[in-house]
Amino acid sequence: MCHRAASMMRQYFWCCLVFLVDGSVVHRSRVAHDERSVWRYLASIESAMLQRTYDETIASWDYESNITDYTGELSMKVALDNAEVARELRLYDFNSFKDADLKRRIKKLTDLGYAALDETKFSLLVDAISRMQENYATAKVCQYKNESNCNYGLEPELTETLAKSRDPEELKHYWVQWHEVAGKPVRKDFDEYVTLNREAAQLNNFTSGAEYWLDAYEDDTFEAQVDAAIEQIRPLYEQIHAYVRYKLRKHYGNDIVSEKGPIPIHLLGNMWGQTWDNIADITTPFPNKKLLDVTEEMVRQGYTPLKMFQMGDEFFQSLNMTKLPPTFWEKSILEKPTDGRELVCHASAWDFYKKDDVRIKQCTRVNMEDFFTVHHELGHIQYYLQYQHLPSVYREGANPGFHEAVGDVLSLSVSTPKHLEKIGLLKDFVMDEESKLNQFYQAGLAKLVFLPFAYTLDKYRWEIFRGDVKPDHYNCKFWEMRTKYSGVEPPVERSESDFDAAAKYHVSADVEYLRYFVSYIVQFQFHRAACEKAGQYVKGDPEKTVNNCDIYQSAEAGNALKAMLAMGSAKPWPDAMEVLTGQRRMSAEALIEYFQPLYDWLVKENKALGAHVGWEENPSFLCDRCFKMRFILLIALAIGLVCHVSTVRIPRRVLLAQEEEVLQYLENIEQEILARRNAASEANWAYDSNITDDNLDVKNEVATENAAYFKHISEYLAQFDYESFEDEELKRRVKKLVGLGYSALPEEKFTEMLDAINNMKENYAKIKVCDYHDSSKCDLALEPELTEIMASSRDAEELKYYWQQWYDAAGTPTREDFQKYVDLNGEAAKLNNYDSGADSWLSAYEDETFEEQVDAVIEELRPFYEQIHAYVRYKLRQFYGEDVVSEKGPIPMHLLGNMWAQGWGNIADITSPFGDRQLLDVTEEMVRQGYNPTQMFEMGDEFFQSLNMTKLPETFWEKSILEKPDDGRDLICHASAWDFSKTNDVRIKQCTRVTMEQFFTVHHELGHIQYYLQYQHLPSVFRSGANPGFHEAVGDVLSLSVSTPKHLEKIGLLKDFVLDEESKLNQFYRSALTKLAFLPFAYTIDKYRWGIFRGDIKPEEYNCKFWEMRSKYSGIEPPVVRTEADFDAPAKYHVSADVEYLRYFVSYIIQFQFHRAACEKAGEYVKDDPVKTLNDCDIYQSAEAGNAIKAMLELGSSKPWPDAME
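Numbers 15 to 1220, taken from the numbering used here, label the letters of the sequence shown in order.
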């Protein structure tokens, strides 16, 4: 799992080249900018440099192949022999050189590394590392239940036992024994190593060894990219972790594996829990299906280590890559020697810097895992062979992770059943869906679970190097991070007397481990690109998937790989990656695509099994001291001992680094957010379009998963001081994502909240009432029957009957669910740092005075409203009589043409000021012309296109529901527009009736659709209206034009309509019945709920208070006496469905501001011009108006709403 192009000691070599530089002032003017002189110098020393590197590598090879004091000393002596080259090069002012290649070479050659230390300290550092290595390589433990045999080494005995044994006590024994002998004895050496590492880093102008290691990746944002990648894969990791824990619990029992805690590490088939594929036999999803393991077949066919390498060589040759040279076979160590010598058995590939002198040292065992490792190590060898033509300084991977990735790219092909069948190791392997899942699962145990481990190993050391983890917390912090990122725990309690990190080779040997993390990410990017070159992968083709690709025998793929490998490190790694993949950044997207079938299955399976996703910390396994300190701190906080936290200003450079990290994180998760939003929209659409228990289950499942995902995002982002970010757009994005809403609730309560809301919505959608004239017919729904009756009937008793039937059925049954909803709404608000749900809703308007503004507007409108109210009451009293409508009281609401009296336009026929004038209603003409719902939407689409706005995409027509289905299903008929977070996937669900009112509603809903289409280029978090009212206002701006006689005449729906002053007044009147009458209603719906959320309205007065407010603000009353046994507010959809309603109030105000501005752009309105008035404006066919509206819509919510309005 590593390459050794002098990777262990090479840093000592290059560092020692500059060891004699003492920092004295050198007169450089004589050689400044003399690039040709440097070129000549480098050419003259190249052979000597190669020879020195060869000598150093030989010394390291000899040492690791036969660990003796002599060869160990020789390795250090060779490293300390070289200082002249770097001293010579540092005489030049090479930073002023113009030749980028020359500057790159010199920078690499003058890297001091540990040689910045003085000679004594350098020797101390090398000795400390050598002792840790030697301890690791020579560690032996006693056999389980046989203390007379204490000659068990890591390879092969412990490795095989950890992989195969299913005795938890035996596994615990070997785990504890290994960590006792491999970790604890080197703590003193590790302390010395850390001290000298930090000193060397600072002498090299790095703040710590962490920054020195990260410098190899040549990208200041690379740590942020790494953090982002681990977050990207976390949902997938948590699913596989949950499943494995469930399976291990079934196998070992509840006493050994907890239901919700971390997994005991010794049960995972590997000493460090870094890969779990060795336990596939007891955890595989479909055990009756043959598990992919060709070990027995390899043994049966007489495979040997030599044959395994020959097979690997043939694989590379099939790609038109380089055949292994004879020296490889002569000098490599491919099996563990039997002469009793001590050696480092860890598989490694070596470059000796002489033509074709490349070797592998591996204690190869004949099994499938080692067969794949053979191909991995040969990947390193191919890298050496492809770049051996380069100057010595460039003979390395483009970054440390590239070398590891190249080998694994080949392993991804070799491990497919397709390839194993080709080479005769697999026969009669049925690759049905269950077998495929077994394969993905086994790959996930090998690849996916490795990532948090690899991340932790260097994240832990970075914190040590930076001084964030002190020596007296080394072990505690190690297990804290292993638990946090991997969800594993040690099998026994650990303390600071232990030192478990060093029980991993790379910690004892000072090998940076990020390379493996990087390799496990970029290898999938490489693999996908190579598969495309080989014609084995086509995006979206179910037959040519990235997870069933074998590039064997593809010269095209091989040539593309060769082109990248041949660059060595001559260019920054993004240049090399781009040659093969066309990409320049590291991203886990290809890895996630590879494992998508596994993820989809795990989500469903874990849900079915009831497997807990995530893990709870088990304090009993944490270090005593660490746990006690946390406990003491919590107590102190609780009793107020910690009473003051000083505000420390974060340095600007740190904030800028945080901004880079957060920006990269957001870029990495963007596609996942869109995918999750799409899944939620699809699930909600399916339920609202067909109300069934199955659809409800899916909807809730998706919502729960998304809640957990967005909660995790919020927790991650909340750790940053984002309020201090300089990038205002980034700050805005973070603030939107940190707000969790109901997702802040614990999972159980979140589910309760969903259930309560869904119960109310389902009740609303399924209501049927009996016919007034025929009580045996009880199938009348709100849409279309009740809505049409309330609009057209003039029988006061019939209207009262339907009103009461609806309210009794829609409101009262939901009271218990509503109370549950209110309680959880309040709890969620407090978890989001709001006093109540009212304040949470109001925060969307980004103005602390907004509630006051709304109150002021309603008072401003009151005189106007009271006038139209008085006139309507007078007209209704004349029509229905004094017994039905009083002279001075509230208006009985059932008479107002609408179930909720929210708009009174339907009673214009009996209240219009000039009844003898033709009333504007084109419903009959629409019917006469054969209008249907589709045509109504086509007319709306044409309206928007006339404004130079976007034509409705084909998918809109294919997927929308524009009429009420006649298949008997229950659905929510309330008109709604939907954005599915995919390009051009927008839809409307509306049980459209052929009426003028519905014609205007069509344009309103299409306004939402245009908003979606205009802002779909934005990051997901900005794909919403500038404030909740903007979305509603945009549709109504168009309706204001569409509803003018001028427009209706243009489109042929109105003829011979005389628009004299009386007709104009009728028009204004009708508009006021629709618009003005609505405002107190809209105000009340949320003012009422704010009062409930804040606790000002108690449960025992819910209904009384509702009617008190309806009467106060709208001057209406119910047709029958209502009591607290009733509950009438949820008879309005938005109350049952938890939809904030202030948006409609806001939209009814600002739509007139939008309308006036658009009319000015269209040349349809000129202030004080009696011909071009605001109330007779039609912006139809005005590209100028459309372009102005588009400019606003394209902003989405990326700016505060006043900016968008402006």
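Beta carbons are placed, not taken as given, at the ideal position from N, Cα and C, and that holds for glycine.
Is it buried or exposed for residue i, if we count other Cβ within 10 angstroms and need 16 for buried?
i     : result
Q1167 : exposed
H403  : exposed
F464  : buried
G1109 : exposed
P249  : buried
H1031 : exposed
D707  : exposed
S511  : exposed
Y888  : exposed
Counting contacts by CB-CB distance shorter than 8 Å, is residue i in contact with chain C?
i    : result
K304 : The structure shown has no chain C; it contains just one protein chain.
To the nearest angstrom, report how far apart residue i and residue j are at their CA atoms.
i     : j     : result
F204  : E148  : 13 Å
G1200 : A1047 : 15 Å
G895  : S807  : 16 Å
L94   : W290  : With a pLDDT of 49 at L94, under the threshold of 50, the modelled position of this residue cannot be trusted; read the value that follows with caution. Roughly 41 Å between the two C-alpha positions.
F994  : Q685  : 13 Å
W286  : L471  : 11 Å
E435  : K441  : 6 Å
A153  : M382  : 26 Å
D589  : Q597  : 9 Å
G504  : Y488  : A small correction: the amino acid at residue 504 is Pro; Gly does not occupy that position in the sequence shown. Their backbone Cα atoms lie some 15 Å apart in a straight line.
V420  : T298  : 28 Å
A577  : L594  : 8 Å
K782  : P798  : 11 Å
So, at 7 Å on beta carbons, what are the nonlocal neighbours of residue i in its own chain, with the 5 sequence-adjacent residues on each side left out?
i     : result
F11   : The chain is shown only over 15 to 1220; residue 11 falls outside these bounds and no answer can be derived.
Y266  : P182 and L281
Y786  : E812, Y815 and Y816
Y1026 : D993 and V1000
K473  : M495
L176  : L185, Y188, G283, N284 and M285
Name the residue from the options whose alpha carbon lies nearest to the alpha carbon of residue i.
i     : options                     : result
V935  : N920, P947 and N720         : This sequence places Asp at residue 935; Val is not what is there. Considering only alpha carbons, the answer is N920.
Q1028 : N998, Q1004 and K1089       : N998
K274  : R983, A256, P319 and Q315   : A256
R1170 : V388, P1184, C1191 and R104 : C1191
V502  : K473, A717, N846 and N284   : N284
A991  : D980, E968, T1015 and K978  : T1015
W699  : R746, S857, E630 and H988   : H988
E418  : L217, R119, I59 and A468    : A468
Y679  : T221, A242, D234 and T1137  : A242
Q539  : P1184, D422 and L890        : D422
N562  : Y231, K432 and A922         : K432
F864  : N704, P1216, K844 and H389  : P1216
Residues in its own chain within less than 6 Å of residue i by CB, not counting five upstream and five downstream?
i     : result
K1146 : W914
A214  : Y128, A130 and L131
I872  : Y1097
T937  : T1009 and M1010
K775  : S1150 and A1151
R135  : What sits at residue 135 in the sequence shown is Lys, not Arg. Cβ within range, chain order: L210.
S21   : Reliability of the predicted coordinates at S21 is poor, the pLDDT of 42 falling under 50, and the value obtained from them is presented with this limitation in mind. So no residue of the chain qualifies.
Grab me the residues of residue i's own chain with a C-beta within less than 8 Å of its C-beta, minus the 5 sequence neighbours each way, in chain order.
i    : result
V313 : V380
F342 : D370, V372, R373, I374 and I395
L139 : Y128, L131, E206, Y207, L210, N211 and A214
Segment contact, 8 Å Cβ cut-off, at least three pairs: the segment 102-117 with the segment 47-66
yes
For the pair the segment 884-892 and the segment 1116-1128, tell me if three or more CB-CB distances fall below 8 Å.
no
Three or more C-beta pairs below 8 Å linking the segment 1069-1076 and the segment 835-853:
no
Three or more C-beta pairs below 8 Å linking the segment 296-305 and the segment 326-340:
no
Taking 8 Å as the cut-off, does the segment 950-962 touch the segment 750-763 (at least 3 CB pairs, one atom from each stretch)?
no
Check whether the segment 208-224 and the segment 188-200 are in contact - that is, three or more C-beta pairs closer than 8 Å.
no
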